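Protein chains in written order, with this note's numbering: chain A, 1 to 189; chain B, 190 to 378.
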């Protein structure tokens, strides 16, 4: 951020009076510009024991598989955002959703919120951001071709919870990988 | 938003190519400025069956009672944000937190995430944003002097869940009140 979005003057970085963190502050009108984490909402759509994955048609991670998810918009609930992303990326409708995973990713200022969601029918297709969309048996998930560590974590939890037939809401953190290709350190589920 | 924070030129409102919603777009450099909901993270701190509430020293709702909560910052996890807000507003330290409520408030573009959190000791005080901080027995909560509907909902759930000794993660929506002073319509817990 270089300019104030209210008056167009330059901003500077300083700790406002009564605050404890450096912020972008306008040098002319004094407006403080806060920056906060974004919510990524998505679904784990399922149908008769299989889960729906999307193969990404966009960067980052073009060509890799993921659960349908994207940035929550103003004016919607988290569940509405998750269902909308599933509609857009997988052309699929989900029924009642159940919160399943909340993952903070502090190094990229995001919080993922994933919901278990039954498909209302086994009908789906590739939305504009997807190359392909398919239902996978849990022992056929392309673990080595998943786009994001957070999706790996959610699908691992789902496989385990389904085996023991007990679902809980998982809350955790995705830590920045140490180097290219290295897995993130273990953390809570 | 009137000006681009990247180049300082004026912004206009239009639907970018490949998008479906109107956004602020820079008339000079073309940067799209997305706006997304913010997370408000907080705790329901408890000690020997009592809950810790803060009396607000700031607007809105000056003088009314609330659970310690505030905007999540970049670079932290949701739990860290909730514990930090409790430290700042109630000068209190909490132990391991458990996700307890997720409430979307779409008309103000916020998502509240509240955690049940035991105090590590019965030590607390009024932070700079609080007039007073106190532990309340559940039958002594000042229901008519709570600052926000979301806090009413969380405390109602807690009183009920504590009676039946079973806690779940509540997910819901806070709907805009119909008129001044009227309660919000009933919704899921």
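Cβ atoms here follow ideal geometry from the backbone N, Cα and C, with glycine treated the same way. Bear in mind that the values here come from a model prediction, so they are computed numbers and not experimental data.
Comparing alpha-carbon positions, which option in the options lies nearest residue i?
i	options	result
residue 25 of chain A	A:131, A:99, A:9	A:9
residue 190 of chain A	A:90, A:12, A:72	This structure gives no information on residue 190 of chain A, because the portion of chain A shown stretches from 1 to 189.
residue 146 of chain A	A:37, A:118, A:62, A:177	A:62
residue 76 of chain A	B:248, B:293, B:342, B:277	B:293
residue 225 of chain B	A:48, A:28, A:1, A:110	A:110
residue 208 of chain B	A:49, A:88, A:44	A:88
residue 100 of chain A	B:307, B:359, B:305	B:359
residue 200 of chain B	B:206, B:220, B:285	B:220
residue 318 of chain B	B:364, B:194, B:287, B:248	B:248
residue 123 of chain A	A:46, A:39, A:4	A:46
residue 22 of chain A	B:262, B:191, B:232, B:355	B:262
residue 64 of chain A	A:174, A:162, A:149, A:164	A:149
residue 315 of chain B	B:242, B:230, B:233, B:237	B:242
residue 202 of chain A	A:106, A:135, A:142	In the structure displayed, chain A extends from 1 to 189; residue 202 of chain A sits before or after that span and is not available.
residue 325 of chain B	B:271, B:233, B:356	B:233
residue 102 of chain A	B:284, B:354, B:257, B:268	B:268
residue 176 of chain A	A:69, A:112, A:141, A:108	A:108
So residue i contacts chain A; which residues on that side make the cut at Cβ distance below 9 angstroms?
i	result
residue 196 of chain B	2, 3
Between residue i and residue j, how many whole angstroms is the CB-CB distance? I'm expecting something under 8 angstroms.
i	j	result
residue 176 of chain B	residue 320 of chain B	Because residue 176 of chain B is not part of the residues shown, which for chain B are 190 to 378, the question remains open.
residue 93 of chain A	residue 120 of chain A	5 angstroms
residue 86 of chain A	residue 117 of chain A	7 angstroms
residue 172 of chain A	residue 153 of chain A	7 angstroms
residue 29 of chain A	residue 6 of chain A	6 angstroms
residue 230 of chain B	residue 285 of chain B	15 angstroms between Cβ atoms; not a contact.
Closer than 7 angstroms by beta-carbon distance: list the chain A residues that pair up with residue i, in chain order.
i	result
residue 300 of chain B	39, 78
So with CB distances below 9 angstroms, who are the chain B contacts of residue i?
i	result
residue 136 of chain A	Simply none; closest approach about 26 angstroms.
Give the interface partners of residue i over in chain B, defined as CB-CB distance under 8 angstroms, in chain order.
i	result
residue 36 of chain A	227, 228, 260, 261, 262, 263
Taking Cβ-Cβ distances shorter than 8 angstroms, what residues in chain A pair up with residue i?
i	result
residue 210 of chain B	73
Quiz prompt | Members of the stretch 263 to 276 of chain B that neighbour chain A once the beta carbon cut-off is set at 7 angstroms | solution = Flagged, chain order: 263, 264, 265, 266, 267.
Practice problem: Closer than 7 angstroms, Cβ to Cβ, to anything on chain A: give me those residues from the stretch 280 to 305 of chain B, in chain order. | Solution: So the list reads 288, 291, 293, 295, 298, 300, given in the order they occur along the chain.
Practice problem: Could I get the ranges of all uninterrupted alpha helix (DSSP H) runs contained in the stretch 104 to 170 of chain A, with 4 residues as the minimum, in chain order? | Solution: Counting whole runs of 4 or more residues, the stretch 104 to 170 of chain A contains the alpha helix (DSSP H) stretches 149 to 164.
Practice problem: Using a Cβ-Cβ cut-off of less than 8 angstroms, give me the residues of the stretch 354 to 366 of chain B that come near chain A, in sequence order. | Solution: Identification of residues in the stretch 354 to 366 of chain B having a C-beta nearer than 8 angstroms to some C-beta of chain A yields 358, 360, 362, given in sequence order.
Practice problem: Only counting runs of 3 or more residues, tell me where the beta strand (DSSP E) segments fall wholly within the stretch 28 to 97 of chain A, in order along the chain. | Solution: For the stretch 28 to 97 of chain A, whole beta strand (DSSP E) runs of length 3 or above, ordered along the chain, are 38 to 47, 50 to 56, 69 to 71.
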